[in-house]
Amino acid sequence: MNEQQVTLRVEDVTKRYGGFTAVEDLSFNVRAGKVFGFLGPNGAGKTTTIRMIVGITAPDEGRIELFGQRISPETQDKIGYLPEERGLYKKMKIFEQLRYFAALKGVSQKLADERIDFWLERMNLSDWKKKKTTDLSKGMSQKIQFISTVLHDPDLLILDEPFSGLDPVNVEFMIEAVAELKAQHKTIIFSTHLMETAERLCDDIILINKSRKVIGGSLREVKQSFGKNLIALRSEGGGAVLEDRSLIAKITEHADEREIELAANADAQILLKKLIDNGATISKFEQVEPSLNDIFIEKVKGI
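Below, the structure written as structure tokens:
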């Protein structure tokens, strides 16, 4: 990975508040044009790290580089940041607020109005353009704040818990918007504890817990490194084979199938052959990889 491929570089960063260490010796890179999942339970240190990236606070130790440079007003102008704690001006009309946020980032009123109209239509909110914030539902308000984050066409988009409080329809809507921005080669960091959503969107992830990195890399690398060998099995008969602990470490019963965790160094093909040789009727035998949620629970639980 060369310098041109890295939008954000975090090296050995530590942040303390008195005797409390919020982030400890944290390092990771965010590849340009990729979606990067910044994952962890509440209180893990995600928001503190994001606040250092956008320059709200500074690390006590370590180094953060954006676009190959130290953090500066110039680099910050290339960032769109949607914080977890959000708010709009209650007495302003929606288009006035969006114009104001765009002006703060140096966008001309003419260009801002064009982008506002585009995004309001994209978010199915055109009819609400001249309404006040107090007229909006929570989901609508979050869409407006998302629009304010992207109006200046940032190169790096940072979304802190963007799906929090949204109903399933609006979650899906926001996922589509993020996917569209990824298709435009924007670099996107989003912090979440919703593993299923992260698994759908992310190219790379980092999981932190209790201020420290637990695991990180491409989603494919993380899943491969997790090392579990799982089989989804739907069958009748062959019960004696399923009791063979040289082949099977654990069986989890589901409504209409079993999840088989193979023993260390066991071969799935040998298990399949033994089941057939012992007269089992098999309607499903599928090797499956652990979900991101499985990895999250095991890694966090183990610390």
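Everything in the sequence shown is counted per numbering that gives the first Met the number 0, starting at 0 for the first residue and increasing by one.
Just so you know, even glycine gets a beta-carbon here, dropped at the ideal spot from N, CA and C.
Check                                                                                                                                                                              : Outcome
Smallest Cα separation from F225: which of V34, E10, G278, E288?                                                                                                                   : E288
Taking the beta strand (DSSP E) that G215 falls in, what are its first and last residues?                                                                                          : 211-217
Tell me which residue opens and which closes the alpha helix (DSSP H) that L303 is part of.                                                                                        : There is no way to answer for residue 303, as the model of the chain reaches only from 0 to 302.
Does the segment 94-110 come within contact of the segment 51-68, defined as at least 3 CB pairs closer than 8 Å?                                                                  : no
What do you get for P72, buried or exposed, if any count of 16 or more other CB atoms within 10 angstroms of its CB means buried?                                                  : exposed
Roughly how many angstroms separate the alpha carbons of A178 and L150, rounded to a whole number?                                                                                 : 17 Å
Roughly how many angstroms separate the alpha carbons of I275 and G237, rounded to a whole number?                                                                                 : 8 Å
What are the start and end residues of the beta strand (DSSP E) that includes S282?                                                                                                : 280-287
Would DSSP call R85 helix, strand or coil?                                                                                                                                         : coil
Are three or more beta carbon pairs between the segment 11-24 and the segment 115-131 nearer than 8 Å?                                                                             : no
On a Cα-Cα basis, can you pick out the residue from D24, S107, K33, F19 that is closest to S217?                                                                                   : K33
Use the C-beta contact count for A111: other C-beta atoms within 10 angstroms, 16 or more gives buried, fewer gives exposed.                                                       : buried
Could you pull out every residue in the same chain whose Cβ sits closer than 8 Å to the Cβ of T20, ignoring the five residues on either side in sequence?                          : T13, K14, S210
Would you call R85 buried or exposed, if buried means 16 or more other Cβ atoms sit within 10 Å of its Cβ?                                                                         : buried
In three-state terms, what does DSSP make of D126?                                                                                                                                 : helix
With distance defined between alpha-carbon atoms, name the residue in D255, L25, N277, S245 nearest to A263.                                                                       : S245
Express the C-alpha separation of R219 and I204 in angstroms, rounding to a whole number.                                                                                          : 10 Å
Pull up the CB-CB distance for E256 and L241, whole angstroms please, since I reckon it's below 8 Å.                                                                               : The pair is not a contact, with the Cβ atoms about 13 Å apart (cut-off 8 Å).
Are the CB atoms of L261 and I247 within a distance shorter than 8 Å?                                                                                                              : yes
Looking at C-beta atoms only, is the number of pairs between the segment 188-201 and the segment 129-140 that lie closer than 8 Å three or more?                                   : no
Residues in the same chain with beta-carbon distance under 8 Å from M0, minus the five sequence neighbours each way, listed in chain order, please.                                : Residue confidence for M0 is low, a pLDDT of 38 falling below 50, so the modelled location carries little weight; the figure read from the coordinates is stated next. N28, R30, listed in sequence order.
Among A239, S290, E258, whose alpha-carbon lies nearest the alpha-carbon of E198?                                                                                                  : S290
When we look at the beta-carbon of K45 and count the other beta-carbons within 10 Å, is it buried (16 or more) or exposed?                                                         : buried
Could you tell me the distance, in whole angstroms, from the CA atom of V213 to the CA atom of I207?                                                                               : 5 Å
So the candidates are L119, I296, Q268, D266; which of them puts its Cα closest to the Cα of A176?                                                                                 : L119
Between the C-alpha atoms of Q144 and M173, what's the straight-line distance to the nearest angstrom?                                                                             : 12 Å
Output needed for E235: all residues of its chain with C-beta closer than 6 Å, excluding positions within five of it in sequence on either side, in chain order.                   : T280
By DSSP's criteria, I205 is part of a beta bridge. Which residues make up the other side?                                                                                          : F37, G215
Quick check: the Cα distance between Q4 and E95, rounded to an integer number of angstroms?                                                                                        : 37 Å
Might you give, ordered along the chain, the residues of its own chain that have their beta carbon closer than 6 Å to the beta carbon of G215, omitting 5 neighbours on each side? : F27, I205
Whole angstroms is fine: what's the gap from D116's alpha carbon to T56's?                                                                                                         : 34 Å
Secondary structure at K249, three-state DSSP: helix, strand or coil?                                                                                                              : strand
How would you write the range of the beta strand (DSSP E) that T186 sits in, first residue to last?                                                                                : 186-191
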